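Q:
Number of protein chains: 2
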Amino acid sequence: MTREEPESTFRALRHVKPRVRALAAYTLRPCEPRIKLNQNESPYDVPQTLKQRIQERLADRPWNRYPPFVSHNFIAAAAESAGWPAEGVLVANGSNELIQAILAVVVAPGVAVVIPEPTFTLYRLMSEVGGGDVVSVPLGEALRFDVDAIVRAARESRAAVVVLCTPNNPTGATLSREEIERIHDETDALILLDQAYVEFGGYDAIPLLRGRPRLIVLRTFSKAMAMAGLRAGYMLAAPELAAEVSKAKLPYNINFFTEVAAAEVLRARDELVAQIELIKEQRDCILRRLAKLPGLRVFPSEANFVLFRVEAPGLTHRAVFDRLLEEHGILVRDVSGYPMLDRCLRVNAGTPEETDAFLAAMAAILNRG
Amino acid sequence: MTREEPESTFRALRHVKPRVRALAAYTLRPCEPRIKLNQNESPYDVPQTLKQRIQERLADRPWNRYPPFVSHNFIAAAAESAGWPAEGVLVANGSNELIQAILAVVVAPGVAVVIPEPTFTLYRLMSEVGGGDVVSVPLGEALRFDVDAIVRAARESRAAVVVLCTPNNPTGATLSREEIERIHDETDALILLDQAYVEFGGYDAIPLLRGRPRLIVLRTFSKAMAMAGLRAGYMLAAPELAAEVSKAKLPYNINFFTEVAAAEVLRARDELVAQIELIKEQRDCILRRLAKLPGLRVFPSEANFVLFRVEAPGLTHRAVFDRLLEEHGILVRDVSGYPMLDRCLRVNAGTPEETDAFLAAMAAILNRG
Chain A
410 MTREEPESTF
420 RALRHVKPRV
430 RALAAYTLRP
440 CEPRIKLNQN
450 ESPYDVPQTL
460 KQRIQERLAD
470 RPWNRYPPFV
480 SHNFIAAAAE
490 SAGWPAEGVL
500 VANGSNELIQ
510 AILAVVVAPG
520 VAVVIPEPTF
530 TLYRLMSEVG
540 GGDVVSVPLG
550 EALRFDVDAI
560 VRAARESRAA
570 VVVLCTPNNP
580 TGATLSREEI
590 ERIHDETDAL
600 ILLDQAYVEF
610 GGYDAIPLLR
620 GRPRLIVLRT
630 FSKAMAMAGL
640 RAGYMLAAPE
650 LAAEVSKAKL
660 PYNINFFTEV
670 AAAEVLRARD
680 ELVAQIELIK
690 EQRDCILRRL
700 AKLPGLRVFP
710 SEANFVLFRV
720 EAPGLTHRAV
730 FDRLLEEHGI
740 LVRDVSGYPM
750 LDRCLRVNAG
760 TPEETDAFLA
770 AMAAILNRG
Chain B
410 MTREEPESTF
420 RALRHVKPRV
430 RALAAYTLRP
440 CEPRIKLNQN
450 ESPYDVPQTL
460 KQRIQERLAD
470 RPWNRYPPFV
480 SHNFIAAAAE
490 SAGWPAEGVL
500 VANGSNELIQ
510 AILAVVVAPG
520 VAVVIPEPTF
530 TLYRLMSEVG
540 GGDVVSVPLG
550 EALRFDVDAI
560 VRAARESRAA
570 VVVLCTPNNP
580 TGATLSREEI
590 ERIHDETDAL
600 ILLDQAYVEF
610 GGYDAIPLLR
620 GRPRLIVLRT
630 FSKAMAMAGL
640 RAGYMLAAPE
650 LAAEVSKAKL
660 PYNINFFTEV
670 AAAEVLRARD
680 ELVAQIELIK
690 EQRDCILRRL
700 AKLPGLRVFP
710 SEANFVLFRV
720 EAPGLTHRAV
730 FDRLLEEHGI
740 LVRDVSGYPM
750 LDRCLRVNAG
760 TPEETDAFLA
770 AMAAILNRG
């Protein structure tokens, strides 16, 4: 080959695994709506005083030095906030990274992972990447968890992991303390509890960790903690299990900004309580007022979002989505591609003004038919 | 089982893959030396004016919103700086994450990866995690790259990837333009060039990318860019290949701080030139003055560090390491566990004062015997 004829990309691409080439690259159409209610973010920014404290701590620190091998400061704040030993805390760039690491150390071909569905799609994706067998348990009546079916599936498949997102995304359903205990006690699996939305409702399972080394709790900064821009999350589990999961994580991968900001926001949680209450009020307001509109089925939710099905004759969910965006500048999430969620949209609670604008737009669209 | 008898951790841990349990957890003894010359960091912090610009951009941004799906701003700055299309740029939390992603989409059982060794250990680790066959090619005379042997090994093993760290860590050796071209042209493998240290010396391979879709270049912010605390790196390759590698990366995993800071520092590279020149002078000074001390073998280096072997009779490399730390408060890196690097230590260039302190300490230790 001479330099005059550039080599074709074929010779490079044939080294990529066929299974990878067959995957569609994950892309997202960028969109700048007037009101953004599609990613379950907090509508409130981090309080200005807290931002300032974080910025001052950044200025103090040498940026040319590696972050510590272990993010002591972040871990200590998470441990203190949860009342759980620091040795049982792992931190990461978003809880996605922890889901990936947990499943990486457990899932192999022939290993069963029980997942109630519909739910956050990463659990299935990462289980399949590991070659595991996903055992899907459909949600039950009104999209509530079917605890009997979950226990049965885990026992019959001898599952290594049961993944429970509570409150569940994108439906909003929760598991009670008794239900979590039952799934744990009646199975032999690791119970991975993703509690990204637990500040908004449902049972916070941290008190269950003691004496239950198969239980793993994930928490995030992206929702109630108003720091989606940070991409940080943490995991609480038995120290011995945390040590195993840490082997699937790259060292030094928490930058100093995340370490500083996460620790500060955890220590300032009290400053966020009022924001969280406002968001819960808006969610309840959406639940109440959407239920009064004709042609919608609204599902119960304890998260910061509401799932609803468009059942109005002659009106598709896609028409509602498009009109919200084009006529009102409001972006919600089309979740109709999830199993069981045909014709469904998801909207997260915004500020009172954003919530009002959304509800007024919905009333206009539905009453017009 | 009753709640009175807590469950043993055994039931949790037996779900972890045996291969993972067999790995030692990676730990590092924390140490706060007076002079830190062990991690090849820049001894100079980011200039104050640049820090301020970055902090102002952070204050402007809503922290409660997710970062963009793709880090446009960071990617655009990297593309502009390299003169390479944005579609061929991937960014990550450190180039480690890119090494992991590249090897994840290529390496499977039976796939050969050629690695000249000794080198950065992550290449081997990640190849083995994927079940690949590592074909190790020992460095040659004076720890220089043995290009003939690399080409031969890649051809004979029909390697999918050849990993070349140039300048090489922890030895400092480099490959010339002609050598890189030869390894590329005479093999059929992907050529992964880790150029973490290229600002300090050796051939910068970015101009070779055009017309060579099997070539991949990695760059980092941790060394010459004085931002080890940021944990950021980027990859340059053919857009088609970058699209495949991106499938192994989690979405949204660059936080807004990294996006803002990386873009700003790339655009302010000119402000760093003087620092980089100072570091190169210190490296040359270490090379020159260490070579004059008795009982040392000093290896040539074009990186920001110097490798040397302790050959003085009656003095072990460990004794030198310990005395540097305990008597002088200077931390260097013990790399004697690498293949071929028996009795070797690595020291990175510091400020002129740090370099002087190190050289004076070495003279005291070696002359005392």
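Chains A and B supply the protein sequences, listed in that same order. Under our numbering, the first residue of the first sequence carries the number 410, and numbering increases by one thereafter. Under our numbering, the first residue of the second sequence carries the number 410, and numbering increases by one thereafter. Backbone N, C-alpha and C define an ideal beta-carbon position, used for all residues, glycine too. What you are looking at is a predicted structure, and each value in this text was computed from that prediction instead of being measured.
(1) Going by DSSP, what residue range makes up the alpha helix (DSSP H) through residue 753/B?
(2) Can you check DSSP and say which residues form a bridge with residue 501/A?
(3) Measuring only between beta-carbons, confirm whether residue 418/B sits less than 8 Å from chain A.
(4) Within 10 angstroms of the Cβ of residue 458/B, are there 16 or more other Cβ atoms? Answer buried if so, exposed if not.
(5) So, are the CB atoms of residue 443/B and residue 738/B less than 8 Å apart?
(6) Evaluate contact between the region 607-619 of chain A and the region 696-714 of chain A, counting only Cβ atoms and requiring at least three cross-stretch pairs below 8 Å.
(7) Which residues of chain B have a Cβ atom closer than 7 Å to the Cβ of residue 569/A, listed in chain order?
(8) What first and last residue would you give for the beta strand (DSSP E) that runs through residue 525/B?
(9) At a CB-CB cut-off below 9 Å, which residues of chain A make contact with residue 456/B?
(10) Using a Cβ-Cβ cut-off of 6 Å (strictly less than) and excluding sequence neighbours within five positions of residue 677/B, which residues of its own chain qualify?
(11) Please report the straight-line C-alpha distance between residue 580/B and residue 447/B, rounded to a whole angstrom.
(12) At a CB-CB cut-off below 9 Å, which residues of chain B make contact with residue 642/A?
(13) Within 10 Å of its beta-carbon, does residue 691/A have 16 or more other beta-carbons around it, so buried, or fewer, so exposed?
(14) Is any heavy atom of the ligand ADP found at a distance shorter than 7 Å from the C-beta of residue 712/B?
(15) What number of angstroms, rounded off, separates the C-alpha of residue 410/A from the C-alpha of residue 594/B?
(16) If you check the beta carbons only, do residue 662/B and residue 454/A fall under 8 Å apart?
(17) Under 9 Å, CB to CB, which of the residues in the region 464-476 of chain B have a partner in chain A?
(18) Taking residue 599/B as the reference, which of 651/B, 440/B, 635/B, 639/B has the closest Cα?
(19) Of the residues that make up the region 493-517 of chain A, which ones have a beta carbon closer than 7 Å to any beta carbon in chain B?
(20) So if DSSP puts residue 547/A in a beta bridge, which residue, or which two residues, is it bridged to?
(21) Specify the secondary structure class of residue 663/B as computed by DSSP and reduced to three states.
(22) In chain B, which residues lie less than 8 Å from residue 621/A when you measure between Cβ atoms?
(23) Under 8 Å, Cβ to Cβ, is there at least one residue of chain B near residue 453/A?
(24) Please go through the same chain and pick out, in chain order, the residues whose beta-carbon is closer than 8 Å to the beta-carbon of residue 727/B, but skip the five residues on each side of it.
(25) Quick check: is the beta carbon of residue 638/B nearer than 8 Å to any beta carbon in chain A?
(26) Is the separation between the beta-carbon of residue 696/B and that of residue 707/B shorter than 8 Å?
(27) Just checking: is the beta-carbon of residue 667/B within a distance shorter than 8 Å of some beta-carbon in chain A?
(28) Three or more beta-carbon pairs under 8 Å between the region 514-526 of chain B and the region 566-582 of chain B, yes or no?
(29) Excluding sequence positions up to five away, which residues of its chain have a Cβ less than 6 Å from the Cβ of residue 501/A?
(30) Leaving aside the five residues before and after residue 762/A along the sequence, list all residues of the same chain whose C-beta is less than 7 Å from its C-beta, in chain order.
(31) Just the Cα atoms here: how many angstroms apart are residue 488/A and residue 646/A?
(32) Judging by CA-CA distance, which residue of 509/A, 597/A, 602/A is the nearest neighbour of residue 584/A?
(33) Can you give me the C-alpha to C-alpha distance between residue 564/B and residue 556/B, rounded to a whole angstrom?
(34) State the Cα-Cα distance for the pair residue 687/B and residue 716/A, rounded to the nearest angstrom.
(35) Measuring alpha carbon to alpha carbon, tell me which of 732/A, 720/A, 636/A ends up nearest residue 753/A.
(36) Using the Cα positions of residue 424/B and residue 462/B, report the straight-line distance between them to the nearest angstrom.
A: Result, derived from the coordinates:
(1) Numbered from 1 along the second sequence, position 344 holds the residue referred to as residue 753/B. Under the DSSP assignment, residue 753/B falls outside any alpha helix (DSSP H), being part of the beta strand (DSSP E) whose first and last residues are 753-757.
(2) By 1-based counting over the first sequence, the position of residue 501/A is 92. DSSP, once it has assigned bridges, lists 642/A as partnering residue 501/A.
(3) The residue labelled residue 418/B in the question sits at position 9 within the second sequence. So yes, residue 418/B belongs to the interface.
(4) One-based indexing of the second sequence puts residue 458/B at position 49. Exposed: under 16 other Cβ atoms inside 10 Å.
(5) As a working mapping, residue 443/B is identified with position 34 in the second sequence. As a working mapping, residue 738/B is identified with position 329 in the second sequence. Cβ atoms of residue 443/B and residue 738/B: closer than 8 Å.
(6) Counting C-beta pairs closer than 8 Å gives three or more between the region 607-619 of chain A and the region 696-714 of chain A, which meets the contact rule.
(7) To locate residue 569/A, count along the first sequence from 1; it is residue 160. Within chain B, the residues placing a beta-carbon under 7 Å from that of residue 569/A are 424, ordered along the chain.
(8) Working through the second sequence from its first residue, we reach residue 525/B at position 116. First-last of the beta strand (DSSP E) with residue 525/B: 521-526.
(9) Sequence index remark: in the second sequence, residue 456/B carries index 47 (1-based). Result: empty, since nearest Cβ-Cβ is about 10 Å, beyond 9 Å.
(10) Numbered from 1 along the second sequence, position 268 holds the residue referred to as residue 677/B. Take residue 677/B, set aside five residues on each side of it, and the residues of its chain with a beta-carbon closer than 6 Å to its own are 459, in chain order.
(11) Locating residue 580/B in the second sequence gives position 171, where the first residue counts as 1. Locating residue 447/B in the second sequence gives position 38, where the first residue counts as 1. Whole-angstrom Cα-Cα distance: 14 Å.
(12) One-based indexing of the first sequence puts residue 642/A at position 233. Under the 9 Å cutoff, chain B gives no residues; its nearest Cβ is about 11 Å from residue 642/A.
(13) Counted from its first residue, the first sequence places residue 691/A at position 282. Counting of Cβ neighbours within 10 angstroms places residue 691/A among the buried residues, the total reaching 16 or more.
(14) Among the ligands in the structure shown, none appear at all, so the ligand ADP cannot be discussed.
(15) Reading the first sequence from its first residue, position 1 is the one you call residue 410/A. Reading the second sequence from its first residue, position 185 is the one you call residue 594/B. Residue confidence is low: residue 410/A scores 44 on pLDDT, short of 50, so the model does not pin down where it sits. No coordinate-derived value is stated.
(16) Here residue 662/B refers to the residue found at position 253 of the second sequence. Here residue 454/A refers to the residue found at position 45 of the first sequence. Taking the C-beta atoms as reference points, residue 454/A is found no nearer than 8 Å to residue 662/B.
(17) Correct list: 464, 467, 468, 470, 471, 472, 473, 474, 475, 476.
(18) Position 190 of the second sequence, counted from the start, is the residue given in the question as residue 599/B. The shortest C-alpha to C-alpha distance from residue 599/B to any of 651/B, 440/B, 635/B, 639/B is the one to 651/B.
(19) Result list: 502, 503, 505, 506, 509, 514, 515, 517.
(20) Here residue 547/A corresponds to residue number 138 of the first sequence, with the count starting at 1. DSSP output for residue 547/A lists 526/A as bridge partner(s).
(21) The residue you call residue 663/B lines up with position 254 of the second sequence. In the structure shown, residue 663/B sits in coil (DSSP, three-state: anything other than H, G, I, E or B).
(22) Residue numbering aside, residue 621/A sits at position 212 when the first sequence is read from its first letter. Here the neighbours are 415, 416.
(23) For the purposes of this step, residue 453/A is taken as residue 44 along the first sequence, with counting starting at 1. At a cut-off of 8 Å between beta-carbon atoms, residue 453/A makes contact with chain B.
(24) Within the second sequence, residue 727/B is the residue found at index 318, counting from 1. Beyond the five residues adjoining it in sequence on each side, residue 727/B comes within less than 8 Å, by CB distance, of 743, 745 in the same chain, given in chain order.
(25) Your numbering for residue 638/B matches position 229 in the second sequence. At least one C-beta of chain A is nearer than 8 Å to the C-beta of residue 638/B.
(26) For the purposes of this step, residue 696/B is identified with residue 287 of the second sequence, where counting begins at 1. For the purposes of this step, residue 707/B is identified with residue 298 of the second sequence, where counting begins at 1. A contact, by the Cβ cut-off of 8 Å.
(27) For the purposes of this step, residue 667/B is taken as the residue at position 258 of the second sequence. A Cβ of chain A is located within less than 8 Å of the beta carbon of residue 667/B.
(28) Result yes; three or more Cβ-Cβ pairs closer than 8 Å.
(29) As a position in the first sequence, residue 501/A is number 92, starting the count at 1. Correct list, in chain order: 507, 642.
(30) On the first sequence, position 353 is the one that residue 762/A refers to. The beta carbon of residue 762/A lies closer than 7 Å to none in the same chain, with the five residues before and after it left out.
(31) Within the first sequence, the letter at position 79 stands for residue 488/A. Within the first sequence, the letter at position 237 stands for residue 646/A. Approximately 11 Å between the Cα atoms of the pair.
(32) As a first step, residue 584/A must be located in the first sequence, where it is residue number 175. With distances taken between Cα atoms, residue 584/A lies closest to 602/A.
(33) By one-based count along the second sequence, residue 564/B stands at place 155. By one-based count along the second sequence, residue 556/B stands at place 147. Approximately 12 Å between the Cα atoms of the pair.
(34) Taking the first residue of the second sequence as 1, we reach residue 687/B at position 278. Taking the first residue of the first sequence as 1, we reach residue 716/A at position 307. Residue 687/B and residue 716/A: Cα-Cα distance of roughly 60 Å.
(35) Working through the first sequence from its first residue, we reach residue 753/A at position 344. Looking at the Cα atoms, 720/A is the closest of the given residues.
(36) Locating residue 424/B in the second sequence gives position 15, where the first residue counts as 1. Locating residue 462/B in the second sequence gives position 53, where the first residue counts as 1. Residue 424/B and residue 462/B: Cα-Cα distance of roughly 49 Å.
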